[in-house]
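The structure appears right after this line, and notes come after that.
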Amino acid sequence: MKRLFSLITYFTLFYPSPLTLDRAPFTASAQAVLDIIRQKPSYASCNYDIYPDSIPDNLTPAPSGKRPFYISHYGRHGSRYINRRSGYDIPYKMMVQANDVDELTAIGKRVFGVMNYILEDSEDRWGDLTSIGRKQECQIAKRMITRFPEVFADSATVSARSTVVARCIMSMQVSLGELVQHNPNLIVTMDASQSTQWYMNHQDPLLRKSKLTPEAQKAYDKYTASRLGNSRLMGLLFKNPDIIEELVDESYFNYYLMKMGLFQQNTHLNQDTFLTDLFTTEDLYRMWQIDNALWYLQYGFCPLNGGDYPYSQRHLLRQMIADADSCIRLNKPGAQLRFGHETVLLPLACLIGIRALKNKDGSPGRYGYDLRTTNLDDIEEKGWWSSSIFSMGSNIQFIFYRRNIKDKDILFKVLLNEEEVALPIYSDCAPYYHWRDFRRSCLRKLDKYEKKRNSGK
Amino acid sequence: MMRQTKRQISATILFFCCVLCSTAQTISEELQADVRRAAGMHYALPITEEMDDTPPPQGKKPFYINHYGCPSAYFLERAQDYDAPYLMLSRADSLGKLTTLGRDVLARVEQMRKEAHDRTNELTEEGKRQARETIRQIAKRLPEVFTDKCFIDTRSILENNSLLTMCEAYVELSRVHQPMKLYTNATKRHQAWMNPQDEVLENQRRDSLAMARYREFTARWAPDDSHLMKTLFNDADYAKTLDAATLNRQLFDLAGSTQYVEKGNYASLFSIFTPEDIRRHWMRRNAWAYIRYGGCTINGGYQSYTQRRPLWNLIHMSDSVMQLDYPVAHFRYTSESAVMSLVCLLELDDFGVQTDCLDSLEALGWADYRISPLGGSMIIVLYRSDKNDPDPLVRVLLNGHEARLPFPSDCVPYYHWKDVKRYYLRKLYTYIRERNEN
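Read top to bottom, the protein sequences are chains E and U.
Under this note's numbering, the first residue of the first sequence carries the number 1, and numbering increases by one thereafter.
Under this note's numbering, the first residue of the second sequence carries the number 458, and numbering increases by one thereafter.
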């Protein structure tokens with residue numbers, strides 16, 4: 001919602017003119033995103049995307065003799081209802097006004113009916129975990145214990161933390177319940193306390209201030225100018241689309257109606273795709289571009305915005321490192337699960353510098369989520385696709401390996417949404433990395449940032 | 458009005474019966490046996506004891522559990538609850554105004570404040586243990602319900618302490634049997650039957666007469682502030698500059714909360730109060746709980762009807778579950794005040810008693826810690842021989858013990874479902890009619 005708020009602020013300040021889509025041929029990366037959206041329209045809604053039902057079973061075998069012994073995890077809650085009514089009210093109020101003056105076409109009237117139904121269904125459920133969200137969390141936990149049974153054997157310990165938000169607490173609950181169903185001897189502890197918010201859901205006030213600098217807004221304005229609006233949609237829903245502009249802001253309406261439709265993929269209304277079907281794949285793709293760029297500006301290493309926002313999750317990364325250091329000393333450390341939000345998971349992925357193991361053409365992944373660029377056209381080209389990081393239920397898992405407790409060369413690999421990814425450090429056994437290398441690299445990076453921050457530069 | 462008069466007569470009879478005939482442990486004896494009970498609704502119910510279960514009549518087996526649970530033990534609700542007494546004692550200490558005991562109390566309060574930092578209103582470790590043990594005990598007592606086919610539904614209000622109680626219970630339920638069909642939800646949408654509010658009754662709750670009577674009662678039963686101040690402060694003139702009554706109350710709150718943390722961390726604060734003051738503190742709180750959630754006739758006698766929707770839901774849900782051929786368990790986690798009103802509305806163990814005499818509560822056995830302590834629960838268990846059984850039975854467990862319902866049965870503590878349904882639906886509909894007429 002913070003992103004939506006920012007967008008509203010942006011629109012209010014700049015009133016960009018809706019223009020038609022630049023019809024230049026699509027680049028290879030654009031085509032790749034379009035293909036994904038064609039298969040899965042919800043991908044276009046970025047953080048409202050739903051978690052995949054199944055995950056490819058193609059994990060790389062561990063180096064000889066090494067066995068998984070500990071998991072450290074941070075996961076976003078599963079699918080939920082939209083946080084606040086305001087996200088739906090923007091297009092809805094415009095439709096109410098248009099309906100009052102009898103400007104709705106037959107399709108427009110049907111859209112209005114669907115919007116009414118969605119609002120009624122969502123009332124008093126704002127932000128609640130949905131049944132789809134519960135199922136996602138169960139499936140993720142089930143795959144975790146099935147893929148790494150050694151970590152959860154016998155009376156292994158599972159320690160879980162959640163932010164104090166109900167949907168995160170319940171995501172933790174159903175995950176733990178699923179694990180215990182598979183192994184009732186697990187020793188489980190859980191907590192959802194204000195006392196852990198400093199790393200579980202840290203929002204850095206200093207870095208937040210620069211989340212959208214004038215320079216960044218200018219770049220964003222330029223980037224979105226050719227991607228806003230949808231005159232085809234206006235003609236479809238309103239009898240006099242040119243006059244209805246007085247009551248319906250085309251850019252707002254297009255954006256929020258699309259979001260409203262796509263959001264239903266997270267609820268029990270997911271079979272009714274009437275709203276989503278109003279939009280072409282290209283419409284959805286443009287919205288994805290608009291959103292993706294904004295997420296990059298606000299949560300990535302974008303130099304236009306100070307280039308430091310991912311450091312907002314430095315406490316979490318330090319905590320994960322400290323926890324791992326401590327757990328490695330134990331004979332059977334089990335698993336540490338953390339349940340939070342996408343506004344934490346995305347910058348954490350950027351901070352770690354997660355990147356794809358391979359590009360679409362099979363070459364080694366070159367660009368990661370630690371991408372730094374002032375050219376917003378670059379981010380799509382270089383694979384900075386936020387939807388691939390932080391759908392509902394998204395998660396990062398560190399899986400640790402060793403031969404036995406005396407083994408000093410601890411290996412680990414990172415799973416992003418349960419698939420192996422690469423890191424920006426050298427390894428002789430990727431996707432496995434030497435824990436000491438990763439640890440040293442991260443701590444050095446964090447120390448350097450904190451030194452800079454403390455010196456006020 | 459007729460109904461209310463009859464109830465007051467019943468209360469009077471019950472009062473004399475209690476005074477003259479009771480052989481059960483009195484409230485004074487209970488407080489002496491375990492002073493932690495004086496924390497009232499913040500008493501953390503011990504779960505360790507073995508419960509006596511009356512066997513069900515021949516051939517009857519449990520098939521439906523409908524559970525309403527209070528949150529387990531949690532830290533006090535506001536940081537202010539810890540900060541205020543700490544700051545007052547801390548300042549006095551800096552001025553050298555504390556006695557040896559006063560400094561000791563300060564050290565204990567400081568430790569409690571530290572433990573509760575950023576954890577107010579959250580479950581303590583003791584609370585988590587309590588939530589898990591409660592489920593283990595239920596599963597042990599009613600094993601016939603927890604089978605492959607059983608469907609379990611856990612729900613909570615959106616309060617952190619209730620949510621975490623539900624989470625602990627859910628995980629423990631996952632441990633009881635595998636595979637188990639478990640469902641969970643916590644949403645404002647269910648507020649109407651999870652923790653309903655009633656504006657009309659809330660407006661009556663603190664009406665001027667009730668507040669006047671309560672103030673008169675608390676003045677008569679005020680603890681001896683001067684005694685406490687003498688034991689804590691070495692300078693009587695300095696002590697006079699402080700709000701002794703507030704400090705007394707705040708320290709008593711803290712005393713109640715020490716039972717939630719790991720045993721042995723520090724000595725209980727109850728030791729600084731005299732037995733008489735402990736009793737007075739408890740009486741004042743108990744009366745306040747009765748006015749707000751019980752059958753107190755000073756403010757109308759209907760406060761417990763705030764929970765009429767959960768009762769209604771309970772009846773209809775039971776009727777629905779009877780149509781199923783598999784066992785069902787509903788675990789609902791709500792506030793301790795909602796459970797209290799529901800127990801009073803159901804008139805379990807005579808807790809529905811109506812009186813305008815706050816002084817009679819102790820003799821009537823109306824004690825908040827008996828009704829909805831932390832970790833407490835009210836569980837309705839339905840029994841039948843098979844799906845076509847025309848005479849399902851009901852047994853109610855209140856905080857683990859078999860409870861009495863307000864009408865007779867030929868198989869107590871089991872009651873015939875048709876009697877249960879008839880009594881409570883009539884009670885609800887009578888109230889609705891009277892309310893509509895007024």
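Beta carbons are placed, not taken as given, at the ideal position from N, Cα and C, and that holds for glycine.
- Check whether the Cβ atoms of residue 154(E) and residue 201(E) sit closer than 8 Å, and answer yes or no. Here the question's residue 154(E) lines up with position 154 in the first sequence. Here the question's residue 201(E) lines up with position 201 in the first sequence. It is not a contact, given that the beta carbons lie outside the stated cut-off.
- Cβ pair count under 8 Å reaching 3, the stretch 706-715 of chain U against the stretch 536-554 of chain U: Enough Cβ pairs lie closer than 8 Å, so yes.
- Message: Quick check on DSSP: helix, strand or coil for residue 510(U)?
- Response: Taking the first residue of the second sequence as position 1, residue 510(U) is located at position 53. In the three-state reduction of the DSSP assignment, residue 510(U) falls in the coil class.
- Item | Beta-carbon contacts of residue 435(E) that lie in its chain and below 6 Å, excluding the five residues immediately before and after | Taking the first sequence and counting its residues from 1, one reaches residue 435(E) at position 435. 410 and 412, listed in sequence order.
- Query: Looking only at C-alpha atoms, which of 763(U), 733(U), 617(U) and 784(U) sits nearest to residue 638(U)?
  - Reply: Residue 638(U) sits at position 181 when you count from the first residue of the second sequence. For residue 638(U), the nearest C-alpha among the options comes from 784(U).
- Do we get a CB-CB distance below 8 Å when we pair residue 596(U) with the residues of chain E? Numbered from 1 along the second sequence, position 139 holds the residue referred to as residue 596(U). The beta carbon of residue 596(U) sits no closer than 8 Å to any beta carbon of chain E.
- Query: Taking C-beta to C-beta, are residue 734(U) and residue 498(U) nearer than 8 Å?
  - Reply: As a working note, residue 734(U) is residue 277 in the second sequence. As a working note, residue 498(U) is residue 41 in the second sequence. No, Cβ-Cβ distance for residue 734(U) and residue 498(U) is not below 8 Å.
- Query: Hey, residue 793(U) and residue 829(U) are a contact pair by Cβ (cut 8 Å); roughly how many whole angstroms apart?
  - Reply: Translated into the one-based positions of the second sequence, residue 793(U) becomes position 336. Translated into the one-based positions of the second sequence, residue 829(U) becomes position 372. Correct: roughly 4 Å between the Cβ atoms.
- Message: Rounded to whole angstroms, what is the Cα-Cα separation between residue 439(E) and residue 535(U)?
- Response: For this step, residue 439(E) is matched to residue 439 along the first sequence. For this step, residue 535(U) is matched to residue 78 along the second sequence. Looking at the two C-alpha atoms, the distance is approximately 39 Å.
- Message: What are the residues in the stretch 116-134 of chain E lying within 9 Å of chain U by C-beta distance?
- Response: Result list: 123, 124, 125, 126, 128, 129, 131 and 134.
- Segment contact flag, the stretch 371-383 of chain E with the stretch 293-310 of chain E, C-beta cutoff 8 Å, min 3 pairs: The stretch 371-383 of chain E vs the stretch 293-310 of chain E: in contact.
- Going by Cα to Cα distance, which pick from 149(E), 57(E) and 283(E) is closest to residue 45(E)? Position 45 of the first sequence, counted from the start, is the residue given in the question as residue 45(E). 283(E) is the residue among 149(E), 57(E) and 283(E) whose C-alpha sits nearest the C-alpha of residue 45(E).
- Message: Given a cut-off of 8 Å on the beta-carbon distance, is the pair residue 180(E) and residue 628(U) in contact?
- Response: To locate residue 180(E), count along the first sequence from 1; it is residue 180. To locate residue 628(U), count along the second sequence from 1; it is residue 171. Contact check for residue 180(E) against residue 628(U) passes: the beta carbons are separated by less than 8 Å.
- Item | For residue 694(U) and residue 196(E), the rounded distance between their alpha carbons | Within the first sequence, residue 196(E) is the residue found at index 196, counting from 1. Within the second sequence, residue 694(U) is the residue found at index 237, counting from 1. Distance between the alpha carbons of residue 196(E) and residue 694(U) is about 44 Å.
- Message: So for residue 391(E), helix, strand or coil by DSSP?
- Response: Position 391 of the first sequence holds residue 391(E). Secondary structure of residue 391(E) (DSSP, three-state): coil.
- Item | Inter-stretch contact at 8 Å, needing at least 3 Cβ pairs: the stretch 247-263 of chain E / the stretch 88-99 of chain E | As far as the Cβ criterion goes, the stretch 247-263 of chain E touches the stretch 88-99 of chain E, which means the pair count is three or higher.
- Task: Grab me the residues of residue 596(U)'s own chain with a C-beta within less than 7 Å of its C-beta, minus the 5 sequence neighbours each way, in chain order.
- Result: Working through the second sequence from its first residue, we reach residue 596(U) at position 139. Only 603 and 633 meet the Cβ criterion.
- Query: Going by beta carbon distance, what residues of the same chain come within less than 6 Å of residue 861(U), once the five residues before and after it are set aside?
  - Reply: In the second sequence, residue 861(U) corresponds to position 404, counting from 1. Excluding residues within five positions, the ones whose Cβ falls inside 6 Å are 806.
- Message: For residue 354(E), list the residues DSSP reports as bridge partners.
- Response: Reading the first sequence from its first residue, position 354 is the one you call residue 354(E). Per DSSP, none; premise fails for residue 354(E).
- Message: Check this for me: beta carbons of residue 329(E) and residue 69(E), under 8 Å apart or not?
- Response: Position 329 of the first sequence, counted from the start, is the residue given in the question as residue 329(E). Position 69 of the first sequence, counted from the start, is the residue given in the question as residue 69(E). The Cβ atoms of residue 329(E) and residue 69(E) lie no closer than 8 Å to each other.
- Query: Beta carbon of residue 832(U), beta carbon of residue 529(U): below 8 Å?
  - Reply: What you label residue 832(U) is simply residue 375 of the second sequence in a count that begins at 1. What you label residue 529(U) is simply residue 72 of the second sequence in a count that begins at 1. Yes. Within cutoff.
- Task: Locate the alpha helix (DSSP H) running through residue 835(U), then write down its first and last residues.
- Result: The residue labelled residue 835(U) in the question sits at position 378 within the second sequence. That residue, residue 835(U), is in no alpha helix (DSSP H); its beta strand (DSSP E) goes 834-841.
- Which term fits residue 209(E), buried or exposed, when burial requires 16 or more other beta carbons within 10 angstroms of its beta carbon? Position 209 of the first sequence, counted from the start, is the residue given in the question as residue 209(E). With fewer than 16 other Cβ atoms from the protein chains shown falling within 10 Å of its own Cβ, residue 209(E) counts as exposed.
- Query: Taking buried to mean at least 16 other C-beta atoms within 10 Å of its own C-beta, is residue 619(U) buried or exposed?
  - Reply: Locating residue 619(U) in the second sequence gives position 162, counting from the first residue. Under this definition residue 619(U) is a buried residue.
- By how many angstroms is the C-alpha of residue 803(U) removed from the C-alpha of residue 238(E)? Here the question's residue 238(E) lines up with position 238 in the first sequence. Here the question's residue 803(U) lines up with position 346 in the second sequence. Going by the C-alpha atoms only, they are around 57 Å apart.
- Any chance you could list the alpha helix (DSSP H) runs of at least 4 consecutive residues sitting entirely within the stretch 810-870 of chain U, in chain order? For the stretch 810-870 of chain U, whole alpha helix (DSSP H) runs of length 4 or above, ordered along the chain, are 818-821 and 825-828.
- Work out the CA separation of residue 736(U) and residue 482(U) for me, nearest whole Å. Taking the first residue of the second sequence as position 1, residue 482(U) is located at position 25. Taking the first residue of the second sequence as position 1, residue 736(U) is located at position 279. Rounded to the nearest angstrom, the two C-alpha atoms are 16 Å apart.
- Give me whichever residues DSSP pairs with residue 94(E) in a beta bridge. Position 94 of the first sequence holds residue 94(E). Note: residue 94(E) is not bridge-paired with any residue in the DSSP secondary-structure output.
- Roughly how many angstroms lie between the CA atoms of residue 152(E) and residue 563(U), to the nearest whole one? Translated into the one-based positions of the first sequence, residue 152(E) becomes position 152. Translated into the one-based positions of the second sequence, residue 563(U) becomes position 106. So the alpha carbons of these two residues sit roughly 45 Å apart.
- Message: Looking only at its chain, what residues have a beta carbon closer than 8 Å to the beta carbon of residue 341(E), apart from the 5 residues adjacent to it on each side?
- Response: Walking along the first sequence from the start, residue 341(E) turns up at place 341. If you ignore the 5 residues before and after residue 341(E), its C-beta comes within less than 8 Å of the C-beta of 76, 77, 163, 165, 168 and 201, all in its own chain and listed in chain order.
- Would you say residue 23(E) faces chain U, with C-beta separation under 8 Å as the test? In the first sequence, residue 23(E) corresponds to position 23, counting from 1. Unreliable placement is indicated for residue 23(E), whose pLDDT of 41 sits below 50; no coordinate value is reported for it.
- In angstroms with no decimal places, state the Cα-to-Cα distance between residue 781(U) and residue 368(E). In the second sequence, counting from the first residue as 1, residue 781(U) sits at position 324. In the first sequence, counting from the first residue as 1, residue 368(E) sits at position 368. Distance between the alpha carbons of residue 781(U) and residue 368(E) is about 55 Å.
- Item | C-alpha gap between residue 137(E) and residue 571(U), whole angstroms | Within the first sequence, numbered from 1, the residue matching residue 137(E) stands at position 137. Within the second sequence, numbered from 1, the residue matching residue 571(U) stands at position 114. The alpha-carbon separation between residue 137(E) and residue 571(U) amounts to approximately 34 Å.
- Query: Can the beta-carbon of residue 29(E) be found closer than 8 Å to that of residue 380(E)?
  - Reply: Taking the first residue of the first sequence as 1, we reach residue 29(E) at position 29. Taking the first residue of the first sequence as 1, we reach residue 380(E) at position 380. With respect to residue 380(E), residue 29(E) sits close: the two C-beta atoms are nearer than 8 Å.
- Interface residues of chain E facing residue 646(U) [CB-CB closer than 9 Å]: In the second sequence, residue 646(U) corresponds to position 189, counting from 1. Taking a Cβ-Cβ cut-off of 9 Å, the neighbours of residue 646(U) in chain E comprise 123, 124, 125 and 128, given in sequence order.
- Task: Ignore the nearest five residues each way along the sequence and tell me which others in residue 818(U)'s own chain have a CB closer than 7 Å to its CB.
- Result: Within the second sequence, residue 818(U) is the residue found at index 361, counting from 1. 743, 744 and 747.
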